[in-house]
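Asker: Respectively, the protein sequence lines represent chains A and B. First residue of the first sequence? That's 1 in the working numbering, and the numbers climb one at a time after it. First residue of the second sequence? That's 370 in the working numbering, and the numbers climb one at a time after it. Built from N, CA and C at the ideal position, the CB exists for glycine as well. Note that this is a predicted model, so its numbers are computed, not measured.
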Amino acid sequence: MFPINETMGQYSELFMLLAAGTYTVAFIAFAWDLARSSKSLKAIDLKAAAADASAATSAKVPVAAGASAGAAAPRPAGSGEGRLSGPADRAERPSSYASSATGAAGQTADDSMRYGERRAPARVAVALTVLGAAIHAAAVLTRAVGAGRVPWGNMYEFLTTGAFVAAAVFLLVLIRRDLRFLGTFVVGLVVIMLVAASVAFWTPVGHLVPALQSYWLIIHVSIAVLSSALFTLTFAMSALQLVQSHRQRTIAAGGADKLGFMRLVPSALSLENLSYRINAIAFIGWTFTLMFGAIWAEKAWGRFWGWDTKEVWTFVIWVVYAGYLHARATRGWTGTRAAWLSIVGYLCVVFNFTIVNQFFNGLHSYSGL
Amino acid sequence: MSERVKSTEKSPAEDAPQPGPAHQGAPKDAVKAAKAGAALPSLGIVGMLRWAWTQLTSMRTALFLLLLLAVAAVPGSLFPQRPANPSVVTQYIKDHPDYGKLLDSVQLYDVYSSAWFSAIYILLFISLIGCVVPRAIAHYKAMRSQPPRTPKRLSRLPEYGTLVVPADAGIPASDAIEEAAALLKKRGYRVEVRHDDGARPSLGAERGFLKEVGNLVFHTSLIGVLVSVAVGGLFGYSGQRILVEGDTFVNTLVGYDQFTPGTNFQSSQLQPYSIQLDKFQATFDRESQGKFGQPIDFTADVTTKENPGAPAKKEVLKVNDPVTLGGTSIYLTGNGYAPVVTVRDGKGNVAMQGPVVAKLQGENYYSSVVIKVPDAKPDQLGFAGFFLPTAFVTEQGISFSGDPDLINPQLSLNSYYGDLGLDKGAPQNVFELDVKGLKELNSRKAEAGGITLAPGNTYTLPEGKGSITFDGVKKYVGVDIHHNPGQLSALMFALLAVAGLIVSLYVNRRRVWVRTGTHEDGRTMVEYGLLARGEDHRLAGEASTLRSLLAGKWNLDADNPETAPSNSPPAGSPEPKKDQ
Ligand code: HEM
Chain A
1 MFPINETMGQ YSELFMLLAA GTYTVAFIAF AWDLARSSKS LKAIDLKAAA
51 ADASAATSAK VPVAAGASAG AAAPRPAGSG EGRLSGPADR AERPSSYASS
101 ATGAAGQTAD DSMRYGERRA PARVAVALTV LGAAIHAAAV LTRAVGAGRV
151 PWGNMYEFLT TGAFVAAAVF LLVLIRRDLR FLGTFVVGLV VIMLVAASVA
201 FWTPVGHLVP ALQSYWLIIH VSIAVLSSAL FTLTFAMSAL QLVQSHRQRT
251 IAAGGADKLG FMRLVPSALS LENLSYRINA IAFIGWTFTL MFGAIWAEKA
301 WGRFWGWDTK EVWTFVIWVV YAGYLHARAT RGWTGTRAAW LSIVGYLCVV
351 FNFTIVNQFF NGLHSYSGL
Chain B
370 MSERVKSTEK SPAEDAPQPG PAHQGAPKDA VKAAKAGAAL PSLGIVGMLR
420 WAWTQLTSMR TALFLLLLLA VAAVPGSLFP QRPANPSVVT QYIKDHPDYG
470 KLLDSVQLYD VYSSAWFSAI YILLFISLIG CVVPRAIAHY KAMRSQPPRT
520 PKRLSRLPEY GTLVVPADAG IPASDAIEEA AALLKKRGYR VEVRHDDGAR
570 PSLGAERGFL KEVGNLVFHT SLIGVLVSVA VGGLFGYSGQ RILVEGDTFV
620 NTLVGYDQFT PGTNFQSSQL QPYSIQLDKF QATFDRESQG KFGQPIDFTA
670 DVTTKENPGA PAKKEVLKVN DPVTLGGTSI YLTGNGYAPV VTVRDGKGNV
720 AMQGPVVAKL QGENYYSSVV IKVPDAKPDQ LGFAGFFLPT AFVTEQGISF
770 SGDPDLINPQ LSLNSYYGDL GLDKGAPQNV FELDVKGLKE LNSRKAEAGG
820 ITLAPGNTYT LPEGKGSITF DGVKKYVGVD IHHNPGQLSA LMFALLAVAG
870 LIVSLYVNRR RVWVRTGTHE DGRTMVEYGL LARGEDHRLA GEASTLRSLL
920 AGKWNLDADN PETAPSNSPP AGSPEPKKDQ
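1) Is there a C-beta anywhere in chain A that falls below 8 Å from the one on Gln450(B)?
2) Can you list, in chain order, the stretches of the alpha helix (DSSP H) that have 4 or more residues and sit fully within the region 453 to 508 of chain B?
3) Could you tell me the alpha carbon to alpha carbon distance between Ala253(A) and Ser270(A), rounded to whole angstroms?
4) May I ask you to list, following chain order, the residues of the region 646 to 674 of chain B that have a beta carbon less than 7 Å from some beta carbon of chain A?
5) Whose C-beta lies closer than 6 Å to the C-beta of Asn584(B) among residues of the same chain, with five residues either side of it excluded?
6) Taking the continuous beta strand (DSSP E) assigned at Gly886(B), which residues delimit it?
7) Find the nearest neighbour of Ile644(B) within the set Leu757(B), Val848(B), Thr531(B), judged by alpha-carbon distance.
8) Just the C-alpha distance for Ala64(A) and Thr289(A), rounded to the nearest angstrom, thanks.
9) Does chain B have any CB closer than 8 Å to the CB of Trp301(A)?
10) Could you pull out every residue in the same chain whose Cβ sits closer than 6 Å to the Cβ of Tyr23(A), ignoring the five residues on either side in sequence?
11) Looking only at DSSP bridge pairs, what is Tyr706(B) linked to?
12) Which residues, in order along the region 835 to 852 of chain B, keep a beta-carbon less than 8 Å from a beta-carbon of chain A?
13) Between which residues of its own chain and Ala166(A) is the CB-CB distance below 6 Å, once the five residues before and five after are set aside?
14) Does Ala19(A) pass the burial test, meaning 16 or more other C-beta atoms within 10 Å, or should it be called exposed?
15) Can you round the beta-carbon distance between Phe839(B) and Leu822(B) to whole angstroms, since I take them to be within the 8 Å contact cut?
16) State buried or exposed for Tyr468(B), treating a residue as buried only when at least 16 other CB atoms are found within 10 Å of its CB.
17) May I ask whether a heavy atom of the ligand ZN can be found less than 7 Å away from the beta carbon of Gly833(B)?
18) Sorted by chain position, which residues of the same chain lie with C-beta nearer than 6 Å to Pro747(B)'s C-beta, five sequence neighbours on each side aside?
19) Does DSSP classify Thr953(B) as helix, strand or coil?
20) Does the distance from the CB of Lys682(B) to the CB of Thr673(B) come in under 8 Å?
21) Name, going along the chain, the residues of the region 211 to 229 of chain A whose beta-carbon falls closer than 7 Å to a beta-carbon of chain B.
22) Roughly how many angstroms separate the alpha carbons of Pro517(B) and Lys580(B), rounded to a whole number?
23) Name the DSSP beta bridge partners of Leu780(B), please?
24) What in chain A is Cβ-close to Ile871(B), meaning under 8 Å?
25) Helix, strand or coil for Glu896(B), going by three-state DSSP, please let me know.
26) Return the CA-CA distance between Ser698(B) and Gln244(A), expressed in angstroms with no decimal places.
27) How about Gly445(B): is its C-beta nearer than 8 Å to some C-beta of chain A?
28) Taking 8 Å as the CB-CB limit, is Arg429(B) close to chain A?
29) Hey, Val881(B) and Leu532(B) are a contact pair by Cβ (cut 8 Å); roughly how many whole angstroms apart?
30) What is the DSSP secondary structure of Lys554(B), counted as helix, strand or coil?
31) Rounded to the nearest angstrom, what separates Pro724(B) and Asn826(B) at their Cα positions?
32) Rounded to whole angstroms, what is the Cα-Cα separation between Glu528(B) and Gly910(B)?
33) Taking C-beta pairs closer than 9 Å, name the residues in chain A that Val867(B) reaches, listed in chain order.
34) Let me make sure I understand the geometry here. Which of His851(B), Thr430(B), Leu782(B) has the alpha-carbon closest to that of Thr829(B)?
35) Within the continuous alpha helix (DSSP H) that includes Glu911(B), where are the two ends?
36) Which chain B residues sit within Cβ distance under 7 Å of Trp313(A)?
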């Protein structure tokens, strides 16, 4: 057992505060980006609409074909595509691109989530988030060194480390996909988690109680924290998906676009597809959490399952997300309903962490409070 | 496979017969089901049953039952549960006279063995079996049959493209198709080449059968987990025992303080091993201010014997580190102090001597003590009070324990005499003293005051009833002993389930068709199309990989506008809508 280093613990708290401050500025930058970009996107849309209108009258090019010009371009005559059912057939294809192009007036980002224009505030926001995450990493590390063990032994540590993982996962996903529209959401949640940890759950550095002294703590809890971070991302996406699909329906029905900032957010379908993929990974993670928890419970208490409150809620979360995966494969349950299931699942995760840890007495009462 | 028939899948489905999913999701089955439903009144019993079965094994029902299971599990965390804590339940019913009994009548204190909870998961698993078996059969057939026949219009597939091999390359359509087949085989596809129409040979290819296998393994393994848990409940047993330093536990029914047999338990199952507690050591945090006095280590040194005649073995028992013996596991689940006392009766004889297990009540091992001395003559004696390892008294005269270690141990007791009621044979809680029928000798309110003892002290009871000596303090541990024969197979099935899940989520089932034809001017025209079954966001990637592989084979420029993939939309424009 390593000795406690209180100085390190104090450094850690200082870093946590610094990180929270940096994230807060990043949050403001993200919010500014949403506001500004939606304004400039609106201007682009208006210009494009005007151009379309004049083009349609002068050249009589169908607007829909404009989006898929490459695919529908007429082929040189005499190449015999007809007989070979070759390229000429392509014009017969129900042009799915064209149909989604009509919806594009109300939104810009697509499934690939690549944005054309530069967004200076968003860049600043991401840079600040990276800085915040670096300071946050230092905070988590000094906490670990101070306590001489993994930094997830009580609620304060679960929250601060969990917040770091959420921020890190978000930044990692950013490398592959432009999810900057999620910035306000994710960074906002991270700030809330850090503030809650410092205000409500603060605990000085200390040793682990014997019940937690096991390598299963490292395995079980780290996977749980990682899965929860992924669920946080999909929660944000599912919530946005509901708003976006409402907005899309309003616009399709000819209503006014009251949620202009949602221009920056991809279509509801893109959000749904991406959150499904992330949820699938997180579900596997949660399955491991549940299993490793059961193995640990067997080692610690002699039974792998005993319907302890924490076990009950872990099970409930697992079943809700299994329901989500089934919903995605059930006709009539994709889209909005699946998004609701993903949201309910996340609310259960939050409930399991906050209420169950603090107010339900069970074998898992390690909140450290 | 998936109930959602994607809009883009519909058109090829007309041309290419797909191995019909046994699942109700298939449109055909849905129609059948609808017909069955419509014709309900005239169908009679058999029809009704068939209709009910169809409903039960539908994906929608599975989803409904899953969500219902989640909801039904919740009350178990809101109300105390009998299996975990029977005494808390009894107390809860007493505390809530208005609805406590009512909750009991709907089994809310036994949620996980209740009729309604069982009904939900049994229905779910019946639905699961009804779902898995037909799917397994269908998939077995699909794996043995050839890829479906080439659709007439490949251009309707979600991924589609063409390549043109120039006339001077000298690759006729029949060679081109064979080369494409070889290439697909190398990529793990099962391929069938069709020359049925000489001028326009084609091939059908399919891969990713493991996806469905994974899904079936996953669902079947869940049944395996359930069965393993049931086996554990039938043949397992568990029990508890408190061991004071020096005590030995022998694995027989009388050795247990508390014993819970499984439904099919036989006492002959118990192997008579023994385990003796030699020493118990608790370490407390002396470093950090916030956690000063918090336990950081519990270690029990024990001596075990597999059988009465077997050689003794020294072992260490710790939290999170059980000792296994005779097919059972022994866990360290609790510990505390056991003050050693000697009680002499009114006649001066030793009526009781030994450690008394003190039950934890509060911070820093503040524990309650009950001593019953039925052998005391002429009157039976009883004591009740507290043990404090480090006694402190506040200014208001309230005593508390200031530290978990034995710094200033103190025993404070009330004493009683009379009939303890032990002779009537009714079982009594050893940790409780019923003082109703007893006469008080010592208490704070009594004339003689309470008894306060430090180790080594003796107190003489009033009225010549005897004396009590506090000899010293030993430690005790609480151990749980478990035998669960279903455990290992539950773990195996769980691991199998995860493996199946990962395979089913990450293997993609895809079909590829290629058709070639020789043009009048000698060029060889190649067209190909791809179709995914189920969720597959990498289909476009596979299409472009195939395209560049084919182009590479024939030395074509994959990005040539002449042969450019028709499916990659201009950068920045949306991908096709997959569903909705
Ligand atoms: C014990 C209850 C069940 C649990 C926990 C469960 C869990 C899951 C999970 C996690 C998946 C996602 C894996 C995948 O996509 O391959 C899945 C898929 C699936 N489950 Fe279940 N399931 C249960 C019961 C059922 C039942 C009763 C049925 C049949 C009616 C069923 C039919 C399916 C089907 C068809 C899929 C594949 C969906 C697709 O093709 O996308 N499941 N299940």
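Answerer: According to the structure shown:
1) Output row for Gln450(B): interface = yes.
2) 455 to 464, 469 to 474
3) 20 Å
4) Cβ proximity to chain A below 7 Å picks out Asp654, Glu656, Ser657, Gln658, Gly659, Lys660, Gln663, Pro664, Ile665, Asp666, Phe667 from the region 646 to 674 of chain B.
5) Ser873
6) 878 to 887
7) Val848(B)
8) For Ala64(A), the pLDDT reaches just 36, beneath the cut-off of 50, and the residue's location in the model is therefore unreliable, although a value from the coordinates is still provided. Straight-line Cα distance between these residues: approximately 49 Å.
9) So, interface residue.
10) Gly132, Val187, Val190, Val191
11) Lys844(B)
12) Residues Asp849, Ile850, His851.
13) Apart from sequence neighbours up to five positions away, the residues of its chain that approach Ala166(A) with a beta-carbon distance below 6 Å are Val190, Ala229, Thr232, ordered along the chain.
14) buried
15) 4 Å
16) exposed
17) The ligand ZN is not part of this structure, which contains only the ligand HEM.
18) Gly715
19) This structure does not reach residue 953(B), given that chain B is present from 370 up to 949, and the question cannot be answered.
20) yes
21) Ala211, Gln213, Ser214
22) 18 Å
23) Phe756(B), Leu822(B)
24) Ile284
25) strand
26) Computed Cα separation, rounded: 55 Å.
27) yes
28) yes
29) The distance from the Cβ of Val881(B) to that of Leu532(B) is about 14 Å, inconsistent with a contact at the 8 Å cut-off.
30) DSSP, read as helix, strand or coil, puts Lys554(B) in helix.
31) 15 Å
32) Between Glu528(B) and Gly910(B), the alpha-carbon positions lie close to 10 Å from each other.
33) Ile284, Thr287, Phe288, Met291
34) Leu782(B)
35) Where Glu911(B) is concerned, the enclosing alpha helix (DSSP H) starts and stops at 908 to 922.
36) In chain order: Ser446.
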